[in-house]
Amino acid sequence: MKKCTFFLIKMLFLITPIMAKDRVDQFTHPNNLYNNGLQFYYNSEYGPAMKCIKKAMLLAPNNKQIRTLFYQLRREIGLPVVFTQDNVISRMFAVFFNAVPPQWNAILGSFLLLIVSLIVFLPVKKKKYILYIIGMFSTSVVLLSVGLIRYYIFFNVPDRIATHIIDLYEEPDVKSKKNITLPAGSELRVVDQIGEFLLVKTLDKREAWVQEEFVPPLWE
């Protein structure tokens, strides 16, 4: 029984990195987003470029190359350069975990938790494996916490990117159009929705109504 348990643990440790690598290929990787955004940027397509780079920033905020292009895009669009989510906490979460998507962090943590459960509940001498149990349990908690927190923060925030120059409205009605527009690539936070109109907040804290079709969700 002990040999079987040890063999299972060893195999899971060997297989998990391979599974994680395959999983990365199935999801959008920050490097792919950066390359796509750079191509859009060279073609002066600021809306699609910002959408790609914004997602890359959320997935890998500690990547200097991505951050540099992100700030450059903001300058050219005419937006504030400051990035409120580029703080110590978000960068700390990304330093060791940006090689895989946040949800995969949680999956890896679940695997480790399963291994810990096997060791605890199988009829083996626990003292012999106490260091392994403590180490794997701590790692699983960290992976689960980081995965869930990053998934909630980065994937569930109601952020939108204006893919084209968009009109602003005083009310959720096409007749209330303002005389100002937002440039393509503008970052918006959704506050409310009525029908096909979204109440959004801009980076400078202004609120206005926009048509939903021109500001698709960041993560589609």
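Under mature numbering (1 follows the signal peptide of the UniProt record, and there is no 0), read the sequence shown as residues -20 to -1, 1 to 200, first letter to last.
Where a beta carbon is used, it is the ideal one built from N, C-alpha and C, also for glycine.
Keep in mind that this is a model prediction, so the values were computed, not measured.
- Residue range K44 to I57 is occupied by the alpha helix (DSSP H) that includes R47, with no beta strand (DSSP E) assigned at that position.
- Residues of the same chain with a CB within less than 8 Å of the CB of V180, apart from the 5 flanking positions on each side, are R140, L168, R169, V170, V171, E187, A188, W189, V190 and V195 in chain order.
- Just measuring C-alpha positions, the residue of S97, T182 and N11 sitting nearest P41 is N11.
- From the listed residues N16, H9, N15 and Y21, the smallest Cα separation to A164 is found for Y21.
- The beta carbon of E192 is closer than 8 Å to those of Q173, E176, F177 and L178 in its chain, skipping five residues each way along the sequence.
- Residue pairing by DSSP places W199 opposite no residue, since no beta bridge is assigned to it.
- A Cβ-Cβ contact shorter than 7 Å links L123 with L88.
- Counted as a single uninterrupted DSSP element, the beta strand (DSSP E) harbouring F177 occupies residues F177 to K181.
- The beta carbon of Y26 sits closer than 8 Å to those of F20, L53, E56, I57, P163, A164 and G165, all from its chain and outside the five residues before and after it, given in chain order.
- Shown here for Y14: same chain residues with a beta carbon closer than 8 Å to its own, the five before and five after excluded, namely C32, I33, A36, N43, Q45, I46 and L49 in chain order.
- DSSP places E187 in the strand class (E or B) of the three-state scheme.
- In this structure L59 is buried. Its beta-carbon is surrounded by 16 or more other beta-carbon atoms within 10 angstroms.
- Taken atom to atom, the span from the alpha-carbon of L18 to that of P197 is near 20 Å.
- In the three-state reduction of the DSSP assignment, N159 falls in the strand class, which pools E and B.
- Spatial neighbours of K157 in its own chain (CB-CB distance under 6 Å, excluding positions within 5 residues in sequence) are listed in chain order as D147 and Y149.
- Excluding residues up to 5 positions away in sequence, G27, A164 and F194 lie with their Cβ nearer than 8 Å to the Cβ of H144 in the same chain.
- The C-alpha of V126 is placed about 19 Å away from the C-alpha of V96.
- Taking the Cα positions, T161 is about 15 Å away from E151.
- By the neighbour-count criterion, in which 16 or more other beta carbons inside 10 Å mark a residue as buried, S24 falls on the exposed side.
- DSSP places E167 within a strand segment (E or B) once states are collapsed to three.
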